[in-house]
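A short worksheet on the structure shown next.
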Amino acid sequence: MLAAGVDDVPPAVGGDVLLQPGHHRPGVHLRDDHDTRLRAGLASAMLMGIIVARCVVRVPTIADEDLDSIVVATADALQALLVPAGTGSPA
2 MLAAGVDDVP PAVGGDVLLQ PGHHRPGVHL RDDHDTRLRA GLASAMLMGI
52 IVARCVVRVP TIADEDLDSI VVATADALQA LLVPAGTGSP A
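Take the sequence shown: its position 89, counted from the start at 1, is 90 in this note's numbering, and no numbers get skipped.
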């Protein structure tokens, strides 16, 4: 990922950790249904869009923004996708 100029992206984003089978918190049972897969796919697409806009295309308003500010600005949207309302646990 360094060749693409995305040196500020943690390795987990590249799939080293997040996409490994069985890599989740002990005691957390993830549902395997269409809604869960859709929500995970949408969250992934959002994150990849941010990475591309920030590091590849270098959209000025995103590329020049502090990484912590981007996290704060997107956290609620990602939380809404990954933790359905009223469940308190991942989809």
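The C-beta atom is built at its ideal place from N, Cα and C for all residues, glycine as well.
- Excluding sequence positions up to five before and after L82, its CB lies within less than 6 Å of the CB of R40, L43 and A44, all in the same chain and listed in chain order.
- Secondary structure at D36: helix, using DSSP grouped into helix, strand and coil.
- Ranked by Cα distance from L68, the options M47, I52, H35 and P85 are led by I52.
- Taking every protein chain shown into account, the CB of R55 has 16 or more other CB atoms within 10 angstroms, so this residue is buried.
- By a beta-carbon distance limit of 8 Å, M47 contacts L79. Their separation comes to about 7 Å.
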